[in-house]
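In numbering that gives the first Met the number 0, the protein residues as written are 0 to 331.
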Amino acid sequence: MTQDQDSPKSYAFLLIPGFSPLGFSCALDCLSLANHHALGRTFYTWRLISEDGAPVTSYNGIKVAVDAALPDLNRDETLIVCAGEHAGRGATKPVLNWLRRETRKGMDFGALSSGTYVLALAGLIGGKRVTTHWEYKTALAEMLPDVIMEDTLFSVDGRVFTTAGGAASMDLVLTRVQADYGTDIAGWVADQMVYAVPRAHSQGQRMSLKSRPDVRNPKLLMAIQVMENNLEDPLRPDEIAALVSLSTRQLERLFARYIGTSPKRHYLHLRLDKARNLLRQTDLSVTDVCVACGFRSLSHFSKSYRNAYGNPPGMEASDGKALWSGKSDITR
């Protein structure tokens, strides 16, 4: 049945325990404020959903009451999965089965932050271009080789949309409001939120070195890009220098001038940062992470990790396994 053009557009928010209240509020407030644009007209309606109909606790302890427990959705509703820390714990069999059943109706659906992982567990985003919060990106890319990870504020691929969460939820929903009702209403909502026009989906999530006014040397940026592209099989400093048409000495001077460290130390920092994300967010063993981050010796990896973060990688792994709760088997 086709939705009447003048009838409100409906959203359903599935709240996963540990969800981010910031991302959820940014998305919901966009819809709520749109309803205040014109007296006598409701542009959007929504309902909040949990697995059992009980209030859902966010990662910072805020409890949010919901309207229903995994109800039947209408085809013209838009479904959004809201998650954050420990997303795997809330991705129970009933939740995953419900997601598969409801999305088969042909509705638009998407996720905020690590809700992308919940969609992946349900087998709904294989081969899709998706994004998630930058902290979870490394883990998802490692565990989901058939998903095209983008380092963007939000991604849209057909009827599937995903966002980094946080303020990026506002960018996504403002873009949807603009598509639904035009630039004037979207702009009015943005003004009410004391926010500029929606940022483009392609904008990166973090301030990159390219954005820093004090780091504009193209050779340096090229060298860092080479490092980022070769974390699993690291190159020697002289090989990196040759790839960007510099001598090893020139490369060292650039890093010392602009970043205050050596190429070798910066490269090690990038690899250890990837290792920490994998240890915290996946069930990969310390040995697997060691290999994935280009360390040839487990003892060297452990020593480097302890020097950088104060704890051995084994301790980080035991704390971090709860994030995905052992659910590394992705149902296709």
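All residues carry an ideal CB built from backbone N, CA and C; glycine is no exception.
All values reported here derive from a predicted model rather than from experimental measurement.
Could you check if residue i is buried or exposed, using at least 16 other CB atoms within 10 Å of its CB as the buried criterion?
| i | result |
| --- | --- |
| residue 262 | buried |
| residue 48 | buried |
| residue 151 | buried |
| residue 238 | exposed |
| residue 176 | buried |
| residue 276 | buried |
| residue 94 | buried |
| residue 227 | exposed |
| residue 303 | buried |
| residue 312 | buried |
| residue 279 | buried |
| residue 92 | exposed |
| residue 210 | Note on residue 210: pLDDT 49, under 50, position unreliable in the model; the coordinate value appears next. Residue 210 comes out exposed. |
| residue 136 | buried |
| residue 83 | buried |
| residue 206 | Residue confidence is low: residue 206 scores 42 on pLDDT, short of 50, so the model does not pin down where it sits. Its coordinate-derived value is still stated next. Exposed, by the Cβ-count rule. |
| residue 178 | exposed |
| residue 173 | buried |
| residue 159 | buried |
| residue 299 | exposed |
Taking DSSP's pairing of strands, which residues face residue i in a bridge?
| i | result |
| --- | --- |
| residue 42 | According to DSSP, residue 42 bridges with nothing at all. |
| residue 56 | 62 |
| residue 48 | 13 and 67 |
| residue 80 | 13 and 110 |
| residue 336 | The structure shown does not extend to residue 336, since the chain is modelled only from 0 to 331, so the question has no answer here. |
| residue 128 | 147 |
| residue 8 | 43 |
| residue 18 | 83 |
Taking the alpha carbon of residue i as the reference point, which residue from the options has its own alpha carbon closest?
| i | options | result |
| --- | --- | --- |
| residue 5 | 25, 34 and 28 | 34 |
| residue 13 | 25, 153, 78 and 31 | 78 |
| residue 36 | 96, 84, 312 and 188 | 188 |
| residue 64 | 74, 72 and 50 | 50 |
| residue 106 | 219, 155 and 75 | 75 |
| residue 216 | 254, 225 and 73 | 254 |
| residue 42 | 7, 55, 67 and 307 | 7 |
| residue 154 | 186, 308 and 115 | 115 |
| residue 69 | 15, 97 and 44 | 97 |
| residue 86 | 52, 141 and 117 | 117 |
| residue 89 | 307, 224 and 121 | 121 |
| residue 224 | 193, 266, 249 and 260 | 266 |
| residue 246 | 264, 218, 260 and 268 | 218 |
| residue 141 | 290, 194 and 193 | 290 |
| residue 81 | 15, 156 and 130 | 15 |
| residue 167 | 23, 296, 314 and 9 | 23 |
| residue 119 | 158, 143 and 134 | 143 |
| residue 9 | 131, 38, 72 and 297 | 72 |
Under 7 angstroms from any heavy atom of the ligand MG, does the C-beta of residue i make it?
| i | result |
| --- | --- |
| residue 233 | Looking at this structure, you won't find the ligand MG or any other ligand, since it has none at all. |
For residue i and residue j, which I take to be in contact (beta-carbon distance under 8 angstroms), what is that distance rounded to the nearest angstrom?
| i | j | result |
| --- | --- | --- |
| residue 169 | residue 292 | With 8 angstroms as the limit, residue 169 and residue 292 do not qualify as a contact, their Cβ atoms being about 34 angstroms apart. |
| residue 40 | residue 11 | The pair is not a contact, with the Cβ atoms about 21 angstroms apart (cut-off 8 angstroms). |
| residue 236 | residue 270 | So it is not a contact: roughly 14 angstroms between Cβ atoms. |
| residue 220 | residue 273 | Going by Cβ atoms, the distance from residue 220 to residue 273 rounds to 19 angstroms, so no, they are not a contact pair. |
| residue 249 | residue 32 | With a Cβ gap of about 53 angstroms, residue 249 and residue 32 do not count as contacting. |
For residue i, would you say it is in contact with chain B, using Cβ-to-Cβ distances shorter than 8 angstroms as the test?
| i | result |
| --- | --- |
| residue 254 | Among the protein chains of the structure shown there is no chain B, as only one such chain exists. |
Quiz item: Taking one C-beta from the stretch 98-111 and one from the stretch 142-149 each time, how about it: are there three or more such pairs within less than 8 angstroms?
Solution: Flag = no, the stretch 98-111 and the stretch 142-149 do not touch.
Quiz item: Do the stretch 176-189 and the stretch 124-135 make contact, defined as three or more Cβ pairs closer than 8 angstroms?
Solution: Touching, no.
Exercise. Give a yes or no on contact between the stretch 19-34 and the stretch 53-71, applying the rule of three or more CB pairs nearer than 8 angstroms.
Key: Contact between the stretch 19-34 and the stretch 53-71 is present: three or more C-beta pairs spanning the two stretches fall below 8 angstroms.
Self-check item: Cβ pair count under 8 angstroms reaching 3, the stretch 160-180 against the stretch 109-119
Solution: The stretch 160-180 vs the stretch 109-119: in contact.
Practice problem: Inspect the CB distances between the stretch 239-252 and the stretch 275-286 and report whether three or more fall short of 8 angstroms. | Solution: Touching, no.
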